[in-house]
Amino acid sequence: MRTSAAHSREIDEGIARLRAELSIPDAFPQQVLDAATGAVRRGPGPEHVDRTDLPFVTLDPESATDLDQAFHLERSGSDLVLRYAIADVGWFVQPGDPLDTEAWVRGTTVYVPGGKAPLYPPVLSEGAASLLPDGPRPAVVFVVRLDESGTPRLDDVERAIVHNRAKLAYETARPEELPADLAEFARRMAAADERRGAARVEPPEQEVHHDDGHYRISYRPRVDVEQHNATLSLATNLAVADALFAAGTGVFRVLDAPDEGRLRRLRHTARALEIDWPRKWSLGQVERTLRPERPEHAAFMLAIRRAGGAARYVPYRAGERPWHAAMAATYTHATAPLRRLPDRFVVLAALALARTGSVPGEVAAAFDRLPEVMAQAESVANKLDRSVLDLVEAVVLRGREGEVFDAIVTDIDERGARMQLCDIAVVARVAAEGVKPGDPLRVRLVEAAPERRAVRFAPAE
22 MRTSAAHSRE IDEGIARLRA ELSIPDAFPQ QVLDAATGAV RRGPGPEHVD RTDLPFVTLD
82 PESATDLDQA FHLERSGSDL VLRYAIADVG WFVQPGDPLD TEAWVRGTTV YVPGGKAPLY
142 PPVLSEGAAS LLPDGPRPAV VFVVRLDESG TPRLDDVERA IVHNRAKLAY ETARPEELPA
202 DLAEFARRMA AADERRGAAR VEPPEQEVHH DDGHYRISYR PRVDVEQHNA TLSLATNLAV
262 ADALFAAGTG VFRVLDAPDE GRLRRLRHTA RALEIDWPRK WSLGQVERTL RPERPEHAAF
322 MLAIRRAGGA ARYVPYRAGE RPWHAAMAAT YTHATAPLRR LPDRFVVLAA LALARTGSVP
382 GEVAAAFDRL PEVMAQAESV ANKLDRSVLD LVEAVVLRGR EGEVFDAIVT DIDERGARMQ
442 LCDIAVVARV AAEGVKPGDP LRVRLVEAAP ERRAVRFAPA E
């Protein structure tokens, strides 16, 4: 559902107020822009080996221009060998320079409908450092070997010059344009997930789209080719995490598993939703049976996500194994350095280990600083996402007070029932007695207040 042009102006103004409230910058300081212009002129060094003979391709949303990854996939006996080229941000950004200093302030690229607040100036993030198909680019290439069991191993890391031969899009990529073994790579990774007890099924999420001067809200489930592409990053991140942990260094992404009390509540929720959860099955096993297009399954997936808490970063600590419950593995972020600050340092550490066997002091020191910086950056980004959704929902629904809508209860907690409207991509709360997750519900819109970014529903009589 789209808003009118008048609504679009109101949303633009509301987003501008949100950016000011959350101190999300509209532009870069001049010294950062000057540093970026200077960095663009820095050509590849002698350590960048020529890999332009390899037909790398990228696969991203069609509109993306900040391309972190390009890939080449081939067979070696029974193994699949992934060469994953990652934007060499550490080549352009030097420790302590204005680009580095500003990146520590921002932490991550913050996405706003109709625009974004990038981690680095666009002349880098959408230009010289992005792996666009308009010419050779410097990159860090991870060589990841995947055996028949789906276990990834980091074979090598090198600086290289690569040439992206095709900018493919999730929405339009044809099977013949993709590497022949991409689906097999994904199949092996999925089989390994199952053996580890990992679960990476993502529920559909609300998204705000801005196009042609209008806003709309929708749910966007992942398409198969996007799921397949995600396994390339996953394999690389798992392999890099193992290498860093073995070397006694790094920063890792961790997620707690639900505790026993939350697991019991999840079993009750599954029963209420009529989802089969055999007593001997782990949570990961039942999660892999879920299909996000089914409302009761999507409701349960959201309940699982909330039960585990928020993911966070932790530095290496001797005697402690960092663990990501959804991955059922030690995991790091290495594959999006144009958009996330930690990835730049993880890439530099992996490169240094492969070349010299040790990590530079400024990189090791960054691992201790990153968790606190990223906790703040992610808190701001998450608050912005939720506030923008609240604003657009209120604008979309304003003027429809008194109407009755069909909804599905998705969750129950101490604040009441959370529900999803059936005909509009709106998620809200309602004070409803005697309902359980998965129940259909008819609700009446009581209030839609864009100025407070709030909507209020009541059960229909």
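For the sequence shown, the positions run 22 to 482 when our numbering is used.
No residue lacks a Cβ here, since even glycine has one placed at the ideal position from N, Cα and C.
Task: Member of Ala-386, Pro-461, Gly-64 and Asp-432 whose CA lies at the smallest distance from the CA of Glu-290 - done: First, the residue type needs correcting, since residue 290 is Thr and not Glu in the sequence shown. Put simply, of Ala-386, Pro-461, Gly-64 and Asp-432 the residue whose alpha carbon is nearest the alpha carbon of Thr-290 is Asp-432.
Open item on the list: Does Ser-254 come out as helix, strand or coil in the three-state DSSP assignment?
Closed with: helix
TODO: Confirm, please, whether the CB-CB distance from Asp-427 to Arg-463 is below 9 Å.
DONE: yes
TODO: Provide the residue(s) that pair with Gln-441 in DSSP beta bridges, ordered along the chain.
DONE: Paired residue(s): Ile-429 and Val-448.
Task: Cβ-Cβ distance between Val-451 and Leu-418 below 9 Å - done: no
Task: Proximity winner among Val-335, Glu-68, Val-78 and Leu-80, relative to Ala-396 (alpha-carbon distances) - done: Val-335
- [ ] Identify whether Met-22 lies in helix, strand or coil by the three-state DSSP scheme.
- [x] Residue placement at Met-22 cannot be trusted, given a pLDDT of 34 that sits under 50; what the coordinates show is reported in the next sentence. Residue state, collapsed to three classes: coil.
Open item on the list: Do Arg-465 and Asp-411 have their beta-carbon atoms positioned less than 9 Å apart in this structure?
Closed with: no
Open item on the list: According to DSSP, is Glu-308 part of a helix, a strand, or is it coil?
Closed with: helix
- [ ] For the stretch 269 to 347, list the alpha helix (DSSP H) runs that are entirely contained and at least 4 residues long, ordered along the chain.
- [x] 281 to 293, 304 to 308 and 316 to 328
Task: Start-to-end residues for the alpha helix (DSSP H) that takes in Phe-77 - done: Element bounds for Phe-77: not the alpha helix (DSSP H) but the beta strand (DSSP E), 77 to 81.
Open item on the list: My output table needs one value for Asp-8: the three-state DSSP class, helix, strand or coil.
Closed with: Residue 8 lies beyond the stretch modelled for the chain, which goes from 22 to 482, so this question has no answer here.
Task: Cα-Cα separation, Leu-145 to Val-61 - done: C-alpha separation (whole angstroms): 7 Å.
Task: Lys-404: first and last residue of the uninterrupted alpha helix (DSSP H) it sits in - done: That run of the alpha helix (DSSP H) goes 382 to 418.
Task: Cα-Cα separation, Arg-96 to Ala-386 - done: Cα to Cα, Arg-96 sits roughly 38 Å from Ala-386.
Task: Alpha-carbon to alpha-carbon, Arg-166 and Asp-56 - done: Residue 56 is actually Ala in this sequence, not Asp. Roughly 37 Å between the two C-alpha positions.
Open item on the list: Quick check: the Cα distance between Ser-25 and Val-425, rounded to an integer number of angstroms?
Closed with: Its pLDDT being 39, under 50, Ser-25 is placed unreliably in this model, and the value from its coordinates should be taken loosely. Each residue's alpha carbon lies about 22 Å from the other.
Open item on the list: Distance check for Ala-339 and Gly-269, CA to CA, integer angstroms please.
Closed with: 7 Å
Task: Buried versus exposed, by CB contacts within 10 Å (16 or more), Ala-479 - done: exposed
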